[in-house]
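Down below is the structure, laid out as structure tokens.
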Amino acid sequence: MKQWLLVGLGNPGQRFANSRHNLGARLLRAWVSARTSHSPQPAAWKTRRRLPALLATVTLAAAPATCLIPLTPMNRSGQPVRRLLRRGFFTMWQKRPAYRLLIIHDDIDTPLGTFRLKTAGSARGHNGVRSIQAALHTTDFPR
Numbered sequence: 000m001k002q003w004l005l006v007g008l009g010n011p012g013q014r015f016a017n018s019r020h021n022l023g024a025r026l027l028r029a030w031v032s033a034r035t036s037h038s039p040q041p042a043a044w045k046t047r048r049r050l051p052a053l054l055a056t057v058t059l060a061a062a063p064a065t066c067l068i069p070l071t072p073m074n075r076s077g078q079p080v081r082r083l084l085r086r087g088f089f090t091m092w093q094k095r096p097a098y099r100l101l102i103i104h105d106d107i108d109t110p111l112g113t114f115r116l117k118t119a120g121s122a123r124g125h126n127g128v129r130s131i132q133a134a135l136h137t138t139d140f141p142r
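Using numbering that gives the first Met the number 0, the first residue of the sequence shown is number 0, and each one after it goes up by one.
See the structure below:
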């Protein structure tokens, strides 16, 4: 069964709660809430020991999807992503990394209210994406 890891980027804390930079985290929370609102057991965001992130599990195209919101500053978002992958949650990660990881983040070059899907490549100055690329040693994942 194919697994997904969906990562919503943002900065922790009330100071940044409504900033555009928190768009990824806010969008992922809303999506998880909408996906689970009619189910008998709505998804609950949880934390794990030694993993600075919020986690929830939903079903995406009949496959389990782990949703992760790092609780680290934006420029250290790669740490919890790498820790989760290292712990064996995604056993096939090394064989096909681009297929199971999707990063959701803001993009200053994209007009507010629109989105763009990028399959791989440069972080284009986004420190959260840059941190994940450095932590995973690849630029080959969609966002």
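C-beta: ideal position from N, C-alpha, C; glycine also. Bear in mind that the values here come from a model prediction, so they are computed numbers and not experimental data.
Residue j beta carbon less than 9 Å from that of residue i
i, j, result
"I102", "R19", "no"
"R75", "S121", "no"
"L4", "L100", "yes"
"I68", "G9", "yes"
Residue i - DSSP class collapsed to helix/strand/coil
i, result
"M91", "Model confidence at M91 stands at a pLDDT of 48, short of 50, so the residue's coordinates are unreliable; what they give is reported in the following sentence. In the structure shown, M91 sits in coil (DSSP, three-state: anything other than H, G, I, E or B)."
"T35", "helix"
"L22", "helix"
"L50", "strand"
"Y98", "Since pLDDT at Y98 reaches only 49, below the 50 mark, its modelled position is unreliable, and the value read off the structure follows with that caveat. In the structure shown, Y98 sits in a helix (DSSP, three-state: H, G or I)."
"P69", "strand"
"S121", "coil"
"F140", "coil"
"N17", "coil"
"R129", "helix"
"L135", "helix"
"G77", "helix"
DSSP bridge partner residues for residue i (one or two, in chain order)
i, result
"I103", "G7"
"V57", "A64"
"K45", "L54"
Spatial neighbours of residue i in its chain, beta-carbon cut-off 6 Å, leaving aside the 5 residues before and after
i, result
"F15", "N21"
"R34", "V57"
"W92", "Here the model assigns W92 a pLDDT of 49, short of 50, so the residue's position is not dependable and the matter cannot be decided."
"W44", "L53, A55"
"R142", "I102, K117"
"G127", "L8, M73, S76, H104"
Proximal residues to residue i (C-beta, below 7 Å), its chain only, five neighbours per side dropped
i, result
"R48", "none"
"A24", "G7, L8, G9, I68"
"Q132", "A122, T138"
"A134", "G77, Q78, V80, R81"
Residues near residue i in its chain [Cβ-Cβ closer than 8 Å; skip 5 each side]
i, result
"T46", "A52, L53, L54, L70"
- Message: Check whether the region 109-116 and the region 44-62 are in contact - that is, three or more C-beta pairs closer than 8 Å.
- Response: no
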